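Here is the structure we will look at, set down as C-alpha cells.
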Amino acid sequence: MPRVNPIDTEYFKDERRTGDFTVIGKTVQRSDALGHVTGRTEFFEDRTFPDLAHVKIHRSAHHHARIDDVDVSEALRVPGVLRVITHRDVPSNWYVVLRLIGIEPNDEPVLAEDRVLYKGEPIVAVVADSEAAATEGAARVRVSYTELPAVLDVEEALAPDAPIIKQAGTNYFVYEGHHCRRLRFGDVERGFAEADHIFEWRYSSAPIEHAPTETTGCVVVPQSSGRLLIHSNTQAAFFTLDNTALILERPFSDLQVKGGTVGGGFGGKVDVMVEPLACIAATLTNRPVKFVYSREEEMQVSSPRAAERIYIKDGVMDDGRIVARKVMLYVDAGAYSRHSPYGTTKACAHLPGPYTIPNVYADCHCVYTNRTPSSAMRGFGVTIADFALESQMDRVARAIGMDPLQFRLRNAYRDGDMKAHRKIAEGTALIEVIQRAAALVGHELPEEYRALTSSTPRGDQP
Amino acid sequence: MTLLRGRGYASVNYPTGMNLGGDPSQALIHATTMGAFVISLSSVDLGQGLKTVVAQCAAETLGMPMENVIVDTADTDTGPHCMGTFASRGTHRVGNAVIMAAREARDVMLAVAADELEVDAGDLETDGTGFVRLKGSPETKIHIADITLAAHFKQGRTISGRGIFLKERNYPVPETGEMDPDSCQAHACTVAEVEVDDETGVVTVLSLHNAYEIGRALNPAMAAQQVEGGGWMGVSHAVFESTEPYYPASRDHGPVDFCEYLMPGPAEIPVQSSVILERPASNGPFGAKGIGEMTANAPIPAIANAIFDACGVRLTTMPFTPESVLRGLDALRA
Amino acid sequence: MKIVNLKVNGVGRTFIARPETTLLLALREQLGLTGAKRGCAQGACGSCTVLLDGQPVVSCLVPAVTVDGSDVATVEGLADGRKLSDVQQAFLDGFATQCGFCTPGMIMSAEALLDRNPNPTRDEVNEAISGNVCRCTGYEPIVSAILDAAERRRAGANL
Ligand code: FES
Ligand code: FES
C-alpha cells in the first residue's frame, strides 16, 4: 500500500511555499527497489571472477603484547596457500584515515609490527586459492608474545599511574596542545553559584556494532593497463581510493574504485580496512582477490560505536531555567584513532544539547584503551550524548517538580540565540517538534507554552 | 508479576554535515542525444535512497520527468569527487551539487530550444512532461528529444552542467571550542511508551510517537523510512545491543553472530506514529536537512525516561538489560 | 566430488560439488544466481533463504551434495517476465526495502508462508520471517507488505 503522507503542513506555512514543485516533496518510487525485489541489485560480492584468490587474517590473541616472533612456515604448507603477507610487504604501513586532512600522529599499522594493542589486531594476511585454505593458513600462523599490562577503562587510562599504551606518549588524543576538546562559554562556576539547585549525574554506554546485513569487503581485479580495479562496499569511494594509494605508495591514478550499492553501512564502512591488503595480495599474486569479513570479524573486530562515559552537572533556577552546565565526556577510542578524534569534536560541538544555557563548560576526551578501535557509527558523538542529556533533562524536571516538556520548552534554543560553540542559531524548530509530539500523545500544554515559537526572540517570551 | 507501564520524552537536534577538513561533493550532468540526462557522481547509496533523491533534485531543476534522469554513481574514473556518505551529508551536499549542475544544463537546454523555436530563451519554460514551451503560448513547444538531437547534430552544442557544493574547512579554536562544523540542524521529539515486567526485568517498548523537523521531505515515504527504521535501531540500542555485554569490566562474552548479538525481531517492535514538519534550511537542496543518522537518537533516552516512569528505576548505562532493571528494582525495595 | 542435478526455478541444472560446497555458494558461484546473499554463513541472518522442495531453507547451511534431485526456487524465478509476484509488488509498493540486502531472503520466506497459508495473521508473518534479519527498515513495512501480498493473492485467486 502506498504510505500515508506524514507531512504536517500547518507548521512554518510561510517558509514552506511548495506550490510550484513537480517531483520534490512527492513520494516517488525508489529507483533501486525493483532491483532489490527481483534480486538483480548488484552488490560487490555478486560478481564472480575466474581464478579468484581469497584473503584471511591471523589476528592478535592478546589485548596488549610485544610480538617476539612470527612463524608462517606451517601456513605456507597448507595446500592452496599462495602467499603470506606481513608488515614488511606493506609499502607504507600506516592506516591513519584522517591523515588526508593533516591529522596526526600516524598511530595504526596496517599489519602489526613489534606489538599489538588489541585482541583481534591483524598480524599476518594469508592469500589462498579458496576461502577454506586461506582460513586454514591463517590458523596455522604461530606468533609468540610477551604479554603487557592492558588498560580497559577510560578513566583508568587517564590516571597518573596508568601504563602508557601509545607510542605517542599519551593515552589520549592531543587537541592542539590540550588533553581534550574544550568548550568554554560564559562562566560556569558563577552560574553554579547563582543557581537554586545543583544536579550532577553519570551516564555510560557499552560498544555497539553496526551489524549491516552485508559484511565489509572488496574484490580487487588487476587490469590490463596495470591499474587495480577495486569493487568495494565502502561508504566513501575516494576516501578508500586515497587511503589505499597512500598505503600502497602508488599514484592515485593507479586505482579505480567502483561501488555505490551497499548492504547497510551505518558508519562501519567508512574505514578502509580491506582494500589495502586485497590490493597488495592482488599485486603479489597477479590474480583477482577477494577480502570480505566473516560475520564473526564484523561483530568483534570491525570498529564498533564507541562506548562513552559522561558526567553532567547542571545549575538550575526554581523557575526551570538552566543557568550552567558542565560536561565531562570520555570516548573509548579503543587502541587507535580512526575517526574517534573527529567524533569527539562532534560531541563537543553538540553540547550542551538543543538548549540555550548561558554558562557552559565541557572537556571531551578521546581516550585510548586496549580495545577494538571504535570509529564512525550513525550519529557518533551525538547518540550517546543525547542519551545522557535527555535523561538528565528528565531527572532535573522531576527534581524541581516541573512537567518534562514544559521544562524543555523553557530552555529550548531559538533563532538568534548564541550557541556554546559561538554560532548563532538559525532555522530552529525544537519548540515546534515538542509541541507536535505533545499533541500526538495528548499531553496537555498550557496556552503560554503552546504559543511559543522558535522564530520569536527569547526576550519577548517567557 | 506486574506489568508496569510508563511514558518518557526526549527532544533532540542533529547537525547536517560535520566539517573539519573541508567538505565538498561534485556532480556532472550531460544530455544524451535522445533526451535523457545522465548524472555522474561518485557518491554512495547505503540504502537510504540517495540515488532516488538526487534524481528528484535533477528532475525538478531541469523541469523534466523522472524517467529522463539516469544516475550513474560511485565509479572514481567516471564520477567526480565526493567525500562520501556519512555525517548526514549525502542529500545535502550531493543534492546541492546536482541542482547546480542541472541549472547549468537547463540553461543550455533552453538556449538550444530557443534557437529551434526562434524565440528568446528567457521566454521559455518547462512543463514537467518533457516539453519546453513558450510562456503564455503553450502550443509553441519542442520536446526534449528534439532539443538534444538538434544540439548534437545541428547546433554543435553540449547540453551539460557542472556542480559542486563546498563547506569550507573550519578550524576549532582550541581554547574555547568556537567552531562552525555543520550546515543546519534537524529536530526531533520522541515519546516512548514501555511496559516493564517486574519479575523478569524485561522492557517491552510498546510505541514510539515521533515528531521530526527535517527542512524539506524531498520524498516523504523515504523520509518516513528513515524515521521508523532508525526508530527501530534506537529501540535496539536501548534495550538489546552490545558487542561487550560486561563493558568495561570484561572483554569476554562478545557475541560473534546474529544468535548472540541481540536485536528486536518483528514480534518485538513498537507501534510507531510519525509526523514530519518542514522548516526549509536556507542552504539545503530545496531546503532539505540530513536525517539519516539522527533517527536512532531520541528513542533511547525516551525509553530510559519511560522505564523510570514505569517502575522508578533510573538506568544510566546502555543497554537497559533485564538484569539492570532487576538490580534497580531490588535496590528500590532494599 | 559429486555431480548434482537440480531443478532451479523449473530448469534442470547440473554441476559438480565438493563435499564442503554449500547450496548458497553453488547457486551464487557455479550457477550465477546471486539473488540469495551471504550475510553470515552461520544460518542466522536468513539473507540466503531459498525454497528447497517448497520449504524455506538457509542455503548457507545446506551441503550441495545432499540436494541432488531436488527442486530449488530462488528470487530470480518469481517474476513472470516483467510481471512481479504479488509479494515482490507489495514490497515495492510498500517501501519495504532500504539497502535491499535482506530483501531476497525476506521475499522467499514470505512466498513460502503464503504458499502454505494464504491468510496469515500478523503473528504468523512475524514467525515466518523470524529468521530473517533486517537492519534498515524496522520490519514494520516488511510485515505490512507481506500481509498486503496475502490480500493481493487472495484477490487474484478469486478473479
Ligand atoms: S547467510 Fe545463510 S543465514 Fe546468513
Ligand atoms: S533493507 Fe537493509 S537489511 Fe533489510
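In order, the protein sequence lines correspond to chains A, B and C.
Heads up: the first sequence begins at 1 in the numbering used here, then just goes up one per residue.
Heads up: the second sequence begins at 463 in the numbering used here, then just goes up one per residue.
Heads up: the third sequence begins at 797 in the numbering used here, then just goes up one per residue.
Ideal placement from N, C-alpha and C gives every residue a C-beta, glycine not left out.
Small disclaimer: the values here were computed from a predicted structure and weren't measured.
Pick from the options that is closest to residue i, judged by C-alpha positions
i      : options                        : result
A/I57  : A/G102, A/A132, A/I103, A/F44  : A/A132
B/L724 : C/F811, C/A840, C/F897, C/M797 : C/A840
A/L277 : A/P251, A/F266, A/L246         : A/L246
B/V664 : B/P527, B/P784, B/A796         : B/P784
A/Q167 : A/R181, A/F239, A/F266, A/H64  : A/H64
B/V653 : B/A673, B/G746, B/G692, B/I738 : B/A673
C/E816 : C/A860, C/Q884, C/N913, C/K833 : C/A860
A/R497 : B/S505, B/P636, B/A521, B/M545 : For residue 497 of chain A there is no data in the structure shown, the boundaries of chain A being 1 and 462.
A/I101 : B/L503, B/Q617, B/V556, B/L482 : B/L482
B/R776 : A/K290, A/L34, A/V396          : A/V396
B/A549 : A/K258, A/V382, A/N411         : A/V382
A/S60  : A/P122, A/S205, A/H87          : A/P122
C/L829 : C/C895, C/V871, C/D882         : C/V871
A/H443 : B/A685, B/E655, B/G509, B/R741 : B/E655
A/V290 : A/R47, A/F173, A/S253, A/A376  : Sequence check: residue 290 of chain A is Lys here, not Val. Residue A/R47 is the option with its Cα nearest to A/K290.
B/L490 : B/G509, B/R568, B/M496         : B/R568
B/R469 : A/E447, A/A438, A/L452         : A/A438
Short CB-CB distance (under 7 Å) between residue i and chain B
i      : result
A/M1   : Per-residue confidence for A/M1 stands at a pLDDT of 35, beneath the threshold of 50, marking its modelled position as unreliable; the derived number appears in the next sentence. No, A/M1 does not count as interfacial toward chain B.
C/G934 : yes
A/M418 : no
A/H365 : no
A/M299 : yes
C/V939 : yes
A/Q223 : no
A/I434 : yes
A/K423 : yes
A/N243 : no
Beta-carbon spacing of residue i, residue j below 7 Å
i      : j      : result
A/G315 : A/I400 : no
A/Y175 : A/A388 : no
C/P916 : C/R950 : no
A/A157 : A/T372 : no
B/E675 : A/V433 : yes
B/A613 : B/I606 : no
B/L628 : B/P486 : yes
A/S454 : A/A429 : yes
A/Y449 : A/L409 : yes
A/V23  : B/E522 : yes
Exposed unless 16 or more other CB atoms sit within 10 angstroms - verdict on residue i
i      : result
A/K269 : buried
A/K341 : It is Pro, not Lys, that sits at residue 341 of chain A in the sequence shown. A/P341 comes out buried.
B/G479 : buried
A/C279 : buried
B/F649 : Note on identity: in this sequence residue 649 of chain B is His, with Phe being the wrong assignment. The residue in question, B/H649, is buried, as its Cβ has 16 or more Cβ neighbours within 10 Å.
C/E936 : buried
B/M641 : buried
A/R305 : buried
B/G693 : buried
Any chain A beta carbon closer than 7 Å to residue i
i      : result
B/K513 : yes
C/P900 : yes
B/V474 : yes
B/E630 : no
C/F811 : no
B/E522 : yes
B/Q488 : no
Within-7 Å CB hit, residue i to chain C
i      : result
B/F548 : no
A/P462 : Summary for A/P462: the model assigns pLDDT 49, below 50, so the residue's position carries little reliability, and this model does not support an answer.
A/R295 : yes
A/G264 : yes
A/G268 : no
B/F702 : no
Contact list for residue i against chain E, beta-carbon separation under 9 Å
i     : result
A/Q29 : The structure shown has no chain E; the protein chains it does contain are A, B and C.
Contact between the region 142-155 of chain A and the region 597-606 of chain B: three or more CB pairs below 8 Å?
-> no
Using 8 Å as the threshold, is the region 900-914 of chain C in touch with the region 708-726 of chain B, meaning 3 or more CB pairs across them?
-> no
Cβ pair count under 8 Å reaching 3, the region 327-345 of chain A against the region 295-309 of chain A | yes
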